[in-house]
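A.B. asks: In the UniProt record's numbering, the protein residues as written are 1 to 260.
(1) Compare the Cα-Cα distances from residue 219 to each of 6, 147, 45, 34 and report the closest residue.
(2) When you compare only the Cα positions, how much space is there between residue 239 and residue 184?
(3) Select from 179, 3, 41 the residue whose C-alpha is nearest the C-alpha of residue 35.
(4) Taking the beta strand (DSSP E) that residue 40 belongs to, which residues open and close that run?
(5) Is it buried or exposed, residue 107, if we count other Cβ atoms within 10 angstroms and call 16 or more buried?
(6) Buried or exposed, going by whether 16 or more other CB atoms sit within 10 Å of the CB of residue 109?
(7) Between the beta-carbon of residue 24 and the beta-carbon of residue 15, is there less than 8 Å?
(8) May I ask you to list the residues that DSSP assigns as paired with residue 3?
(9) Taking the straight line between their C-alpha atoms, what separation do you get for residue 202 and residue 178?
(10) Cα separation between residue 92 and residue 65?
(11) Measure how close the beta-carbons of residue 155 and residue 241 come, nearest whole angstrom, since I'm counting them as under 8 Å.
(12) Helix, strand or coil for residue 11 per DSSP?
(13) For residue 186, collect the residues of the same chain with a Cβ closer than 8 Å to its Cβ; drop the 5 residues on either side in sequence, then sort them by chain order.
(14) For residue 37, count neighbouring Cβ atoms within 10 angstroms of its own Cβ and tell me buried if that reaches 16, exposed if not.
(15) Helix, strand or coil for residue 259 per DSSP?
(16) Out of 50, 99, 100, state which residue places its alpha-carbon closest to the alpha-carbon of residue 84.
(17) Tell me, which residues are paired with residue 179 by DSSP?
(18) With a threshold of 7 Å on Cβ separation, who are the neighbours of residue 158 within its own chain once the five nearest residues in sequence on each side are excluded?
(19) Quick check on residue 113: does DSSP put it in helix, strand or coil?
(20) Can you tell me which of 248, 52, 86, 18 puts its alpha carbon nearest to the alpha carbon of residue 193?
(21) Just the C-alpha distance for residue 39 and residue 144, rounded to the nearest angstrom, thanks.
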């Protein structure tokens, strides 16, 4: 049996907190002597460890109490109880990790959308939140989907590897830098050296996404254009920016055709 003093020395917890856990029936002493001394057995210590672990994962005391009440089994061997407690904590930690990954994806999506658009667009952010909240997450990300009646199985495999808004993909970070650089230079003519240097960067960037498959690249952007007419697919890329990128790429392609 352990006294409150023993537990305070073993665990980073105050006497006041232990008394409070007793008051709210979260952790009752195993025995209370006539002199008021409280004692805890091994299962009480296991329960305390579980409480502190869940609390460190931002579970509220009400949530912790509900979890403990649900999982308690009377007369369970202390070693078995300890193993069960650890397994339950692992499950709780896994759920918390999934929740945090989801939040991270949402926050990163918002940040990248704002960075891509160059300003805060409330309409885009609200629409983005709606889509994210209603989507199915896999490993903390919303996987892109492509209609099988438009794209072949091999094409979908390539498209599924496209950089994803909200991810920590290095290609997204590079694209955001390129978008910013493009916005800063949209005042220059498409045939200017600065614009043509940007065009080369965009072509290299986009070509790498599609593994050099030009036909798939064209097919994908035609699909995006058709969908965008009714519902914006890529937030942060406004029509003015897209038109400018199209113009500088068209000029680059035409210039290379003229030289050949």
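The beta-carbon is built from N, C-alpha and C at its ideal position, and this holds for glycine as well.
C.D. replies: According to the structure shown:
(1) In the chain shown, residue 219 corresponds to position 219, counting from 1. Comparing Cα-Cα distances from residue 219 to each of 6, 147, 45, 34, the minimum goes to 147.
(2) Residue 239 sits at position 239 when you count from the first residue of the chain shown. Residue 184 sits at position 184 when you count from the first residue of the chain shown. Their Cα atoms are separated by approximately 16 Å.
(3) In the chain shown, counting from the first residue as 1, residue 35 sits at position 35. Per the Cα distances, 3.
(4) Along the chain shown, one-based indexing puts residue 40 at 40. Here the beta strand (DSSP E) through residue 40 covers 38 to 40.
(5) The residue you call residue 107 lines up with position 107 of the chain shown. Residue 107 counts as exposed, since fewer than 16 other beta carbons sit within 10 angstroms of its beta carbon.
(6) Residue 109 sits at position 109 when you count from the first residue of the chain shown. Classification of residue 109: buried, given that the 10 Å Cβ count is 16 or more.
(7) Within the chain shown, numbered from 1, the residue matching residue 24 stands at position 24. Within the chain shown, numbered from 1, the residue matching residue 15 stands at position 15. No, the Cβ-Cβ distance between residue 24 and residue 15 is not below 8 Å.
(8) Along the chain shown, one-based indexing puts residue 3 at 3. As a beta-bridge residue in DSSP terms, residue 3 pairs with 39.
(9) Taking the chain shown and counting its residues from 1, one reaches residue 202 at position 202. Taking the chain shown and counting its residues from 1, one reaches residue 178 at position 178. Put simply, the backbone Cα of residue 202 is about 8 Å away from that of residue 178.
(10) As a working mapping, residue 92 is identified with position 92 in the chain shown. As a working mapping, residue 65 is identified with position 65 in the chain shown. Straight-line Cα distance between these residues: approximately 13 Å.
(11) For this step, residue 155 is matched to residue 155 along the chain shown. For this step, residue 241 is matched to residue 241 along the chain shown. In fact, because the Cβ distance is near 26 Å, the residues do not count as touching under 8 Å.
(12) Numbered from 1 along the chain shown, position 11 holds the residue referred to as residue 11. Note: residue 11 maps to coil in three-state DSSP.
(13) Taking the chain shown and counting its residues from 1, one reaches residue 186 at position 186. Only 240, 241, 244 meet the Cβ criterion.
(14) Here residue 37 is taken as the residue at index 37 of the chain shown, counted from 1. Per the 10 Å Cβ criterion, exposed.
(15) Walking along the chain shown from the start, residue 259 turns up at place 259. Correct three-state label for residue 259: helix.
(16) Here residue 84 refers to the residue found at position 84 when the chain shown is read from its first residue. Among 50, 99, 100, the Cα nearest to that of residue 84 belongs to 50.
(17) Position 179 of the chain shown, counting from 1, holds the residue named residue 179. Under DSSP, residue 179 forms no beta bridge with any residue.
(18) On the chain shown, position 158 is the one that residue 158 refers to. These residues qualify, in order along the chain: 210, 211, 213, 216.
(19) What you label residue 113 is simply residue 113 of the chain shown in a count that begins at 1. Three-state result, residue 113: helix.
(20) Looking up residue 193 in the chain shown gives position 193. Looking at the Cα atoms, 248 is the closest of the given residues.
(21) Residue 39 sits at position 39 when you count from the first residue of the chain shown. Residue 144 sits at position 144 when you count from the first residue of the chain shown. Taking the straight line from one Cα to the other gives about 56 Å.
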